[in-house]
Amino acid sequence: MRAVPGAPDDLALALELADAADAITMARFRAADLVVETKPDLTPVSEADRAVEQALREHLATRRPQDTVFGEEYGATAETDHIGAHPARRWIVDPIDGTKGYVRGMQVWATLLALEQDGEMVLGVVSAPAMGRRWWALRGDGAFTSDVKGDPRPIRVSAVRELGDAQMCFGGFEEWRQTDHLGVLLALSESCWRTRGYGDFWQYMLVAEGAAEIALDPAAALWDLAAPMVVVQEAGGGFTDFGGSATAAGGSGIGSNGLVHEAARRILAGE
71 MRAVPGAPDD
81 LALALELADA
91 ADAITMARFR
101 AADLVVETKP
111 DLTPVSEADR
121 AVEQALREHL
131 ATRRPQDTVF
141 GEEYGATAET
151 DHIGAHPARR
161 WIVDPIDGTK
171 GYVRGMQVWA
181 TLLALEQDGE
191 MVLGVVSAPA
201 MGRRWWALRG
211 DGAFTSDVKG
221 DPRPIRVSAV
231 RELGDAQMCF
241 GGFEEWRQTD
251 HLGVLLALSE
261 SCWRTRGYGD
271 FWQYMLVAEG
281 AAEIALDPAA
291 ALWDLAAPMV
301 VVQEAGGGFT
311 DFGGSATAAG
321 GSGIGSNGLV
331 HEAARRILAG
341 E
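Residue numbering for the sequence shown follows my numbering, starting at 71 and increasing by one per position.
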C-alpha cells in the first residue's frame with residue numbers, strides 16, 4: 071500500500087505500522103496450524119492478534135517513546151491510560167478487527183490504528199490486506215482509500231437526505247439481542263430503503279465511501295471505533311454513540327453520512 075505524498079510524520083508512521091501488521095496477519099491467514107485461544111470474555115484471540123499488537127508496541131516504543139498505547143490484547147502502557155484520563159498522546163490499536171472471521175478464513179478483517187491527542191482522535195488507519203484495501207484519515211485533511219492496484223483517492227459520504235432512501239449496515243443479530251436492541255434495529259430497518267449485514271470496520275468504510283448511509287454497533291470498545299470514527303468524520307459524515315455523544319468510547323456506535331444521522335439515532339434511542 072502507498073502512503074500519501076507529503077503526509078505528516080504521524081500518518082506516515084501509522085501507514086508503516088499498518089504495513090508491518092499486514093505482513094504478520096497475512097502470513098498466518100488460513101494457516102492450518104494457526105493457534106486460537108478463548109479469552110475470559112469468551113471471544114477468540116489468535117496468535118496473529120497478539121503478534122501484531124506486540125510488534126506495533128515495539129515499533130512505537132522506538133519511534134514514539136513518549137506516547138502511550140492502548141490495545142485490545144495488552145491494555146494500557148501507563149497508569150494515566152485508565153478510563154476518564156487522557157494522556158497527551160496515545161495510540162489505540164485493534165490488531166485484528168474481525169477475529170472471528172479471520173480464524174474461519176473469511177477475508178473481512180482489518181488492523182485498526184488511531185492516534186488520540188489531548189482527548190481528540192486525530193488520525194485513523196484501517197488496513198484490510200485480505201480485501202486488498204486500506205483507508206485512512208488525518209484530522210482536517212480529509213479521508214482516503216487505496217487498493218493494491220491503484221493510487222490513493224479521496225472518499226466522501228453520500229448526499230442521501232431521507233431515511234427512506236438510505237442503505238443501512240449492521241453486524242449479526244447476536245449483539246442486538248444481547249443488548250436488548252433488536253426491536254429498535256428492526257424499527258430502523260423498516261424506515262430505510264435497504265439493509266445489508268456488513269459488520270465490523272467494513273460497514274463504516276462503506277459509509278465513508280458513500281456506498282451506504284448508516285453503520286451500527288450496539289456494543290463496541292474504543293479500539294473498535296476510534297479509527298473508523300476519524301475516517302467517517304473526515305469523509306464528511308457523522309459519528310456518535312447511541313446517546314448522541316461524538317465519541318468512540320461510548321460503548322456503541324452510529325456512523326452515517328450525517329444527513330440521516332439524527333433521524334436514525336432517535337429511532338435507536340427509542341425517542
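All C-beta atoms in this analysis are idealised placements derived from N, C-alpha and C, irrespective of residue type, glycine included.
Assumed close pair residue i, residue j - CB separation to whole angstroms, cut-off 8 Å
i	j	result
A90	P165	The Cβ separation is near 11 Å, so there is no contact.
G194	W206	7 Å
L292	I162	6 Å
Among the options, nearest to residue i - alpha-carbon criterion
i	options	result
S218	A207, R203 and R226	Here the sequence assigns Val to residue 218, which means Ser is not the residue at that position. The option with the nearest alpha carbon to V218 is R203.
G280	A229, D167, L258 and M96	A229
R226	G212, D103 and E341	G212
L258	F214, V301 and F312	F312
R171	Q124, G141, D137 and V106	The question names Arg, but residue 171 is Gly in the sequence shown. If we check each option's Cα against that of G171, V106 comes out closest.
P135	R160, D119 and E341	R160
L130	A101, T113, P114 and L87	L87
V301	E245, V330 and S326	S326
V254	L338, M176, G267 and T265	L338
A102	E244, G175, W272 and A282	G175
G145	T169, F99 and R120	R120
P224	F243, V122, R231 and F214	F214
G340	G314, G320 and A319	G314
D287	L252, V330 and S261	L252
A158	E186, T169 and E143	E186
T113	E245, L233 and F271	E245
Q124	E143, A319 and D137	E143
F271	F243, D250, T249 and C239	C239
Counted within 10 angstroms of its Cβ, other Cβ atoms place residue i as buried (16 or more) or exposed
i	result
Q303	buried
G154	With a pLDDT of only 46 at G154, under the threshold of 50, the placement of this residue in the model should not be trusted, and no figure is reported.
Q237	buried
V196	buried
S116	buried
G328	buried
R247	exposed
T317	buried
A285	buried
L256	exposed
G141	buried
P75	Summary for P75: the model assigns pLDDT 42, below 50, so the residue's position carries little reliability; its value from the coordinates is reported in the next sentence. Exposed.
E260	exposed
E149	Note on E149: pLDDT 44, under 50, position unreliable in the model; the coordinate value appears next. Flag for E149 reads exposed.
Beta-carbon proximity of residue i to residue j, cut-off 8 Å
i	j	result
A297	L183	yes
G307	G269	no
S322	A278	no
T132	V139	no
M275	M191	no
D235	W263	yes
L104	V173	yes
A180	D188	no
L208	L81	yes
M96	A200	yes
A334	I324	yes
R100	A118	no
V330	R231	yes
Where the alpha helix (DSSP H) containing residue i begins and where it ends
i	result
M299	L292 to E304
S261	L252 to S261
L83	D79 to R98
T132	E117 to R133
A333	H331 to L338
Limits of the unbroken beta strand (DSSP E) element including residue i
i	result
M275	Not the beta strand (DSSP E): M275 falls in the alpha helix (DSSP H), residues D270 to E279.
F243	It is not in any beta strand (DSSP E) - F243 instead sits in the alpha helix (DSSP H) that spans F243 to Q248.
V163	R159 to D167
V139	T138 to G141
G189	Unbroken run through G189: none, as it is neither H nor E.
A207	R203 to L208
Short CB-CB distance (under 8 Å) between residue i and chain B
i	result
R127	The structure shown contains no chain B; it is built from a single protein chain.
Closer than 7 Å: residue i CB and nearest the ligand GDP heavy atom
i	result
R204	Because no ligand of any kind appears in the structure shown, any question about the ligand GDP cannot be addressed here.
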